[in-house]
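J.: Okay, so the sequence shown: first residue is 23 according to this note's numbering, each after it adds one.
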Amino acid sequence: MLTALMLLSAQGIAQRTKVFGYVLDAQTNEPVPFVNLAFAQTKIGTSSNIEGYFELESYYATDTLLASAVGYMPQRLKIKRDQAQRLDIYLSAGEIQLQEFTVRAKDHENPAHRILRNIIRNKPVNNREKLEAYEYELYNRMEFDLNNFSESFTKQKLWRPFDFVFDYVDSTSNDKVFLPMLISETISDYHFRKRPRARKEIIKASKVSGIENESITQFMGQMYLDFNVYDNNIVIFDKGFVSPISANGLVFYKYYLEDSTYIDNKWCYKIRYVPRRKQELTFKGEFWVNDTTWAIKDIHARIAEDANINFVTDIIVDQSYDEVEPEVWMMTREEIVVDFQLQKGQVGVYGRKTSLYRNFVINQPRDDDFYRGSDDVEVLIDHRRKGKDFWDEARFEPLTERQRNIYLMVDSLQNNRRFQAYTDIISILTTGYKVMGPLEWGPFWSSYSWNPVEGDRVRLGGRTSNNFSTRLMLEGYLAYGFKDQEFKWSGGGQYFLSKKPWQSVGLYFTRDLEQIGRLENFFQRDNMLTSLFRRAIPLKLILVEEWKGYYDREWVTGFSNRLTLSHARYSSIEGFEFERRLPESDDTTTVPSITSAEVSLKTRWAHKERFVHGEFTRVSLGTRYPIFEFEYALGLQGIIGSEYNYHRARFSMSHKLLLGIFGKLRYRIEAGKFWGDLPYPLLQVHQGNETFFSSEVAFNLMNFYEFVSDQYAMGWAEYHLDGFFLNRIPLMRKLKWREVVGARAVYGSLSEANLREMLLPEDSYILDRGPYAEASVGIENIFKFFRVEGIWRLTYRDHDKISNFGVRIRMAIHF
């Protein structure tokens, strides 16, 4: 089914078809002038000149050329599309005879369907992706407005310190009250080349009310907002909406021909469309289409009122297209309005984007050096230094009075102390840190935790803030366990050599108890929630004393390397000792600690991945392509007491495949291998989960330390149906619950040499009876925030202290 869906969504890449030659009399070989020539089923045509020569070129060609002239028999000639060809045509003289004919009524067909078929057939030639290259100048304006609030809301004590903002209240065309809060403007040059594929946006000027952050400037550019009506599926907030002119449009929409008229001297039809079914990811609205090229001239699209999407009550898109060169249609204006609300009827936020395009350059690609660089978005050094006179002249259209006032209002807010206090509270709740000048204290959710080894654990931590430096960040913590009466600590920092390209170095020292096999992006062990919701299974902690340094470099967008040098000593603690069997004996001896040192190189490739950058971190906006990672590590013996020579390699691929109204498929495969005789803490301790929360990176019914391997292959997949079945059940439709199914498996082995190196802990095993596997069925989008799933353990069901079935919960926030 997946293959079929991919084929349905595929579109051809259109090229120009060129036909040239002479039209000759078949008997005399004399040239025939003024012969009408046209591509079949189109209005694209020409006439032969006085010498009988003709030349016809178009993106809209069909595979048949029609030739007709008074006194000659008409001809239909087959041609080859998407290439240039010479074709000499010989016409035979004929007589015109009037014949009797009968007019019969044709079977009824909705005329809008015929128009839609023409649009679909010509999508490849009307889509700008057909072009070898294009450039344009772009003006982007984005606004965010508070909306849907009552007069009583404005009278609340919360707003009294800065109630002047309500002097700027406005209303939209549907009388929904809103308060402008932020405005940004950018002017940029956008460049695209098809072969080899490359694109680049150069932001020449930017202006953001109240914000001085280059990553925000990049986000406000062209790259991150793309609504292409010619795509079969239009991705909005990670949801695949069906385009009104999708190849499968008749399956999801009803179409009605409502009007026809000239627009910019082009005859156009007006088509209205509405969804066929409720709660599907579709639009309603109308579009105008040119009757010659079947290109979209204007389109108005609004998401269906009952579409199954969270936190968004409305999305409105208006686009206008012009024929900027013969047979080349480009968007010249776009307006998008998104109405965000956590709950319907509550206070929400409008997001508005207005884009204007001009100064088009078509099919003039630049050389490779122009596109070369580490980032698709280049921000000029002086982009924020433009004054009022520049903006008054450079804007493609002037600001309204309301838009001008946003800058004044936001400047006043930034200087209001009470407003600054409110933003501090929001920052603490969202990041866990409290900013105090050059320092940030936190994260507060790790201030207290409990576990059987340390008992009550308190922790004080912090890091330097952006007020200290935007290149150097120092961070650390000090923790104390009241049961083991031991201090633990960590400290270090990172320094950015450059942010274009993204390039940093870091050095960290740590002495703390750790759970071997816990991934970095899994639950923190000293998190309050982890302490509360762990299952009653004894912890197996060891003391880790480690230092590591790294160099991180992104070479081009999406392709990066990390070189790491580390040294670690792993010490057993009372109740969880390392043991080794003595040679030629059944006796065992305790191993107080093991020490390792290694150098590793990690390579990551995520084609067309996009990020929003902070000063020290960045958030991925994802990519529709697979993400590949490969890591190689070399263990070094004799480095400050390190004991082992070894090699380690790991490869992984992860992918999120959007399937339109059929939901999305997420999967990951991974394989790894160790060479050398190693104790189990240095091998692959497969990731278990001993909490009542489900995890996407762990095996949710596997205990910590339950399986150990020195070579392995694993994979997991989750299919999110986005309510495909539940939307068809009336009661479930109102709840907007969504189905999710998944499966996970791992298969591996452990050599005898590694088994001899150190005994496995109690209740630890090797995968000697086939793969470990588990499957799950669940419901997500419960109250828009939660996911509950039942998980079945399919293999190794006879182990001690395990659950063969469990119900797990997860906070999963999705649009």
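Virtual Cβ for every residue (Gly too), placed ideally from N, Cα, C.
(1) Going along the chain, which residues of its own chain have a beta-carbon closer than 6 Å to the beta-carbon of Arg626, five neighbours each way excluded?
(2) At which residues does the alpha helix (DSSP H) containing Asn427 begin and terminate?
(3) Report all residues from its chain with a CB closer than 6 Å to the CB of Val641; omit the five preceding and five following residues, and keep chain order.
(4) So, helix, strand or coil for Lys40, using DSSP?
(5) Taking the straight line between their C-alpha atoms, what separation do you get for Asn255 and Asp478?
(6) Leaving out five residues before and five after Arg778 in sequence, what residues of the same chain have Cβ atoms less than 7 Å from its Cβ?
(7) Could you compute how far the alpha carbon of Pro348 sits from the alpha carbon of Asn381?
(8) Quick check on Phe684: does DSSP put it in helix, strand or coil?
(9) Of the residues Ala795, Lys695, Leu500 and Glu157, which one's Cα is nearest the Cα of Val346?
(10) Which stretch, first to last residue, makes up the beta strand (DSSP E) that contains Val147?
(11) For Val829, which residues of its own chain have a beta-carbon under 7 Å away from its beta-carbon, when the five flanking residues on both sides are left out?
(12) Assign Gly840 to one of two classes, buried (16 or more other C-beta atoms within 10 Å of its C-beta) or exposed (fewer than that).
(13) Return the first residue and the last residue of the beta strand (DSSP E) that Glu740 is part of.
(14) Beta carbon of Val230: closer than 7 Å to some heavy atom of the ligand SAH?
(15) Tell me the residue span of the beta strand (DSSP E) that contains Met352.
(16) Use the C-beta contact count for Met95: other C-beta atoms within 10 angstroms, 16 or more gives buried, fewer gives exposed.
(17) If you draw a straight line from the C-alpha of Leu723 to the C-alpha of Arg632, how long is it?
(18) Following the continuous alpha helix (DSSP H) through Ile331, name the residue where it begins and the one where it ends.
(19) Look up Ala91 in the DSSP assignment and say whether it is helix, strand or coil.
(20) When you compare only the Cα positions, how much space is there between Lys695 and Phe518?
(21) Are the stretch 731–740 and the stretch 681–693 in contact at 8 Å, needing three or more beta carbon pairs?
(22) Return the first residue and the last residue of the beta strand (DSSP E) that Ile447 is part of.
(23) CA-CA distance, Leu78 and Ala60?
(24) Nearest by alpha-carbon distance to Asn803: which of Phe76, Asn332, Lys40 and His213 is it?
(25) Taking Phe104 and Gly43 to be in contact with their CB atoms under 8 Å, please state how far apart those CB atoms are, rounded to whole angstroms.
(26) I want to know whether the stretch 282–300 touches the stretch 701–712 - three or more CB-CB distances under 8 Å.
(27) Out of Leu482, Leu46 and Leu87, which one is the CA nearest neighbour of Ser114?
(28) Cutting at 8 Å between CB atoms, please list the residues of its own chain near Gln244, excluding the five before and the five after it.
(29) Could you give the distance in angstroms between the alpha-carbon of Val475 and the alpha-carbon of Val613?
(30) So is Asn169 buried or exposed if we call it buried at 16+ other beta carbons inside 10 Å?
(31) In three-state DSSP terms, what is His708?
(32) Please report the residue range of the alpha helix (DSSP H) in which Glu415 lies.
(33) Count the other C-beta atoms from every protein chain shown that fall within 10 angstroms of the C-beta of Pro133, then say buried if there are 16 or more, exposed otherwise.
(34) Label Trp697 either buried or exposed according to how many other C-beta atoms from any shown protein chain fall within 10 Å of its C-beta, with 16 as the threshold for buried.
(35) Ordered along the chain, which non-local residues of its own chain (more than five positions away) have a Cβ less than 8 Å from that of Phe808?
(36) Rounded to whole angstroms, what's the CA-CA distance from Lys521 to Leu402? Just pull it up for me.
T.: The relevant details are as follows:
(1) Ser582 and Glu651
(2) Glu423 to Gln436
(3) Val634
(4) strand
(5) 53 Å
(6) Hits under 7 Å: Arg603.
(7) 15 Å
(8) helix
(9) Glu157
(10) Careful: Val147 lies outside any beta strand (DSSP E), inside the alpha helix (DSSP H) at Lys145 to Asn148.
(11) Val810 and Gly812
(12) In the structure as shown, the chain begins at 23 and stops at 837. Residue 840 is therefore absent and cannot be evaluated.
(13) Gln733 to His742
(14) This structure does not include the ligand SAH; it has no bound ligands of any sort.
(15) DSSP places Met352 in the uninterrupted beta strand (DSSP E) bounded by Val350 to Phe362.
(16) Classification of Met95: exposed, given that the 10 Å Cβ count is below 16.
(17) 34 Å
(18) Where Ile331 is concerned, there is no enclosing alpha helix (DSSP H), given that its DSSP letter is neither H nor E.
(19) coil
(20) Their Cα atoms are separated by approximately 33 Å.
(21) yes
(22) Premise fails: Ile447 lies in the alpha helix (DSSP H), Arg439 to Thr453, not in any beta strand (DSSP E).
(23) 8 Å
(24) Asn332
(25) The sequence given here has Asp at residue 104, not Phe. Actually they do not touch by this definition, with Cβ atoms about 18 Å apart.
(26) Verdict: no, contact absent.
(27) Leu46
(28) At Gln244 the pLDDT is 42, less than 50, meaning the model places this residue with poor confidence; the figure from the coordinates comes in the next sentence. Around Gln244: Leu160, Asn162, Ser210, Tyr212, Glu223 and Ser377.
(29) Their Cα atoms are separated by approximately 20 Å.
(30) buried
(31) coil
(32) Lys410 to Ala416
(33) exposed
(34) Answer is exposed; the Cβ neighbour count stays below 16.
(35) Excluding residues within five positions, the ones whose Cβ falls inside 8 Å are Glu802, Ile831, Arg832, Met833 and Ala834.
(36) For Lys521 and Leu402, the distance between alpha carbons rounds to 14 Å.
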